[in-house]
Amino acid sequence: DTSVDYNALYKERHHVQFFGRGNIAGIDIKEQKRKQSKFYGDLLEKRRTEAEKEQEKVRLKKMKRKEDKQKWDDRHWSEKEHDEMTERDWRIFREDYNITIKGGKIPNPFRNWKESGFPKEILDIVEKVGYKEPTPIQRQAIPIGLQNRDIIGVAETGSGKTLAFLIPLLSWIQSLPKIERLEDADQGPYAIILAPTRELAQQIEEETVKFGTPLGIRTVVVVGGLSREEQGFRLRLGCEIVIATPGRLIDVLENRYLVLNQCTYIVLDEADRMIDMGFEPDVQKILEFMPVTNLKPDSEEAEDAQKLMANFYSKKKYRQTVMFTATMPPAVERLARSYLRRPATVYIGSIGKPTERTEQIVYMMGENDKRKKLMEILSRGIEPPVIIFVNQKKGADVLAKGLEKLGYNTCTLHGGKGQEQREYALASLKNGSKDILVATDVAGRGIDIKDVSLVINYDMAKSIEDYTHRIGRTGRAGKNGVAISFLTKDDSSLFYDLKQCIMSSPVSACPPELMNHPEAQHKPGTVVTKKRREEKIFA
1 DTSVDYNALY KERHHVQFFG RGNIAGIDIK EQKRKQSKFY GDLLEKRRTE
51 AEKEQEKVRL KKMKRKEDKQ KWDDRHWSEK EHDEMTERDW RIFREDYNIT
101 IKGGKIPNPF RNWKESGFPK EILDIVEKVG YKEPTPIQRQ AIPIGLQNRD
151 IIGVAETGSG KTLAFLIPLL SWIQSLPKIE RLEDADQGPY AIILAPTREL
201 AQQIEEETVK FGTPLGIRTV VVVGGLSREE QGFRLRLGCE IVIATPGRLI
251 DVLENRYLVL NQCTYIVLDE ADRMIDMGFE PDVQKILEFM PVTNLKPDSE
301 EAEDAQKLMA NFYSKKKYRQ TVMFTATMPP AVERLARSYL RRPATVYIGS
351 IGKPTERTEQ IVYMMGENDK RKKLMEILSR GIEPPVIIFV NQKKGADVLA
401 KGLEKLGYNT CTLHGGKGQE QREYALASLK NGSKDILVAT DVAGRGIDIK
451 DVSLVINYDM AKSIEDYTHR IGRTGRAGKN GVAISFLTKD DSSLFYDLKQ
501 CIMSSPVSAC PPELMNHPEA QHKPGTVVTK KRREEKIFA
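Per the UniProt record's numbering, the very first residue in the sequence shown carries number 1; after that it's consecutive.
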């Protein structure tokens, strides 16, 4: 019948409602059901035997015990002993520290130094140096390194990567015979650590000496700017670890100051930066100087911890290659594919990126207004140490001189300086005798100066990666910092990326002049199509 709407009786239908709880004739169905179930329940209870009642009690007891056990198993990993950890707990542990892993049969991370299983002498040094908690990259990369696996570690700047490759390296060297006789020393070191800049190499040396000296492990730094003969002399005396920049290391290898006949461990630190600087052919050349008889098999064996450990305690150890990098461009992947065997990849997510702890401030201005703005910022009173980045060596010297005249304590650091001057500049900033460091991108990567309160990009970085690394000099090791950048119209190619970078930071606000700038609306190089309504049609 489709005429429902036409019939007034149907249209204004009246629902019968008697008294009571809203149901017809006041009957509450829920209430009725409850009474029925109580009635039947009482009848059942009367009919139940004692044995059945006991059975029910036992069943309820079992259920309670099961629930309690489940609650006990579901505790957070921090409340459990190491032996009680399940696969699920390890998964949550990795999520808590933003650790992502790739590769087969990767060992579990360690939760604290005590559970790491390191030899007592290494643990004593860790305690003495004052490292309370391991960082995420250390928690996961060290257990892999101790298994003699190849590693690719991708982690932000300031995340404790140096120690993540040092500890496995030191325990590796301790299992080998000491280099004492001269004929052993002539065979070269046991391990090489490659770094892109001299400053970074020397920083790694500081850390290595801290840990290596008490264990009787000697380190030699091979970098440009120092006398090659002197380095050759130190190498001839024998050492277990060589820390080097690629250019000078090739120089030393080709001039036979150094051979790598027994080198079985190689670390590439800041691999992406090395490739950016054009060191890829050099790195490949160095890897070719190493013996090839001890390469790992490119098969399941390279992932089998038992087979690797059996080899670890033999005289002929497999070569171990470790690569640490902040980003993974194609060139780094190419290098990894050529030289790493079944590597375990450890990726530390954006946990506490420097950009999250650092307040980013941006000023748009003309080239001529920069100096005035800088004076204004410095006159507010600053907490030393401060780093000011410029793009050219000459610009660094000119700016430093100008600041000196105004009574600021400054030093400079760039590629045109001699090695002693570079070392002096860093040392004086670290010990507090100088307050401001004016530097080029040489100081942009990996350099660790404690408590840098402010980074100023007097000249904006050439790429967004360099910008991220520069501002990563402040806000390190969980502290907060401030980064101020001066933008001119010449930096327009970076506006879009910079805007994204500032907007993703919880402590920074993007200024409207950058936010609404036409260059910041789309990625450079992308073709923007106009919407129909924006097109003007001229008749």
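Note that the Cβ used here is the ideal one computed from N, Cα and C, for glycine as well. None of the values given here were measured: they were computed from a predicted structure.
Would you mind sorting residue i into buried or exposed? The rule is 16 or more other CB atoms within 10 Å of its CB.
i: HIS522; result: exposed
i: MET6; result: Per the sequence shown, the amino acid found at residue 6 is Tyr instead of Met. By the neighbour-count rule (16 or more Cβ atoms within 10 Å), TYR6 is not buried but exposed.
i: LYS499; result: buried
i: GLY525; result: exposed
i: MET274; result: buried
i: ALA425; result: buried
i: GLN306; result: exposed
i: residue 542; result: Because the chain in this structure spans residues 1 to 539, residue 542 falls outside the shown range and cannot be described.
i: LYS46; result: exposed
i: GLN203; result: buried
i: MET503; result: exposed
i: LYS417; result: buried
i: ILE29; result: exposed
i: HIS469; result: buried
Out of curiosity, what's the CA-to-CA distance linking residue i and residue j?
i: THR358; j: SER505; result: 8 angstroms
i: ARG380; j: ILE152; result: 44 angstroms
i: GLU183; j: GLY232; result: 16 angstroms
i: residue 554; j: PRO136; result: A query on residue 554 cannot be resolved here, the shown segment of the chain reaching from 1 to 539 and no further.
i: GLN320; j: GLN419; result: 31 angstroms
i: TYR458; j: GLN392; result: 11 angstroms
i: ALA310; j: TRP90; result: 26 angstroms
i: MET375; j: LEU413; result: 21 angstroms
i: GLU79; j: GLU67; result: 18 angstroms
i: VAL398; j: CYS501; result: 30 angstroms
i: ARG34; j: TRP77; result: 44 angstroms
i: ILE471; j: SER463; result: 13 angstroms
i: ASN480; j: TYR496; result: 25 angstroms
i: ILE351; j: THR213; result: In this prediction, ILE351 scores a pLDDT of 44, lower than 50, which makes its location untrustworthy; the coordinate-derived value is nonetheless stated afterwards. Roughly 33 angstroms separates the two Cα atoms.
i: GLU50; j: PHE39; result: 20 angstroms
i: ILE266; j: GLU280; result: 15 angstroms
i: VAL332; j: LEU268; result: 10 angstroms
i: GLU301; j: LYS105; result: 11 angstroms
i: ILE456; j: ILE361; result: 9 angstroms
i: THR327; j: LYS61; result: 56 angstroms
i: VAL390; j: GLY444; result: 11 angstroms
i: ILE402; j: PRO297; result: One detail in the question is off: residue 402 reads as Gly in this sequence, not Ile. Their Cα atoms are separated by approximately 59 angstroms.
i: PHE110; j: LYS285; result: 36 angstroms
Write down the C-beta distance between residue i and residue j rounded to the nearest angstrom, noting that I regard them as a contact closer than 8 angstroms.
i: VAL209; j: THR325; result: VAL209 to THR325, Cβ: 24 angstroms. No contact.
i: GLY225; j: GLY247; result: That belief does not hold up - the Cβ atoms of GLY225 and GLY247 are roughly 11 angstroms apart, past 8 angstroms.
i: GLN147; j: LEU308; result: 6 angstroms
i: ASP150; j: VAL292; result: About 15 angstroms; that fails the 8 angstroms criterion.
i: VAL242; j: VAL220; result: 5 angstroms
DSSP puts residue i in a beta bridge; with which residues?
i: PHE211; result: Note: PHE211 sits in no beta bridge, so no partner.
i: LEU498; result: Paired residue(s): none; LEU498 is not in a bridge.
i: CYS411; result: LEU437
i: ILE152; result: MET323, THR345
i: PHE486; result: TYR363
i: GLY481; result: THR358
i: LYS102; result: THR345
i: THR219; result: ILE241
i: ALA195; result: Paired residue(s): none; ALA195 is not in a bridge.
i: ILE456; result: ILE388, ILE484
Determine, using beta carbons only, whether residue i comes closer than 9 angstroms to chain D.
i: GLU183; result: The structure shown contains no chain D, having only a single protein chain.
Return yes when the C-beta of residue i is under 8 angstroms from any heavy atom of the ligand ATP, and no when it is not.
i: LYS370; result: In the structure shown, the ligand ATP is absent, as is every other ligand, since no ligand is present at all.
- Query: Taking only runs of the alpha helix (DSSP H) that begin and end inside the region 346 to 407, which ones reach a length of at least 4 residues, in chain order?
  - Reply: 354 to 357, 370 to 379, 393 to 405
- Give, in chain order, every unbroken run of the beta strand (DSSP E) that is at least 3 residues long and sits entirely within the region 259 to 303. 265 to 268
- Please go through the region 11 to 94 and give each complete alpha helix (DSSP H) segment of 4 or more residues, from N-terminal end onward. 29 to 47, 50 to 73
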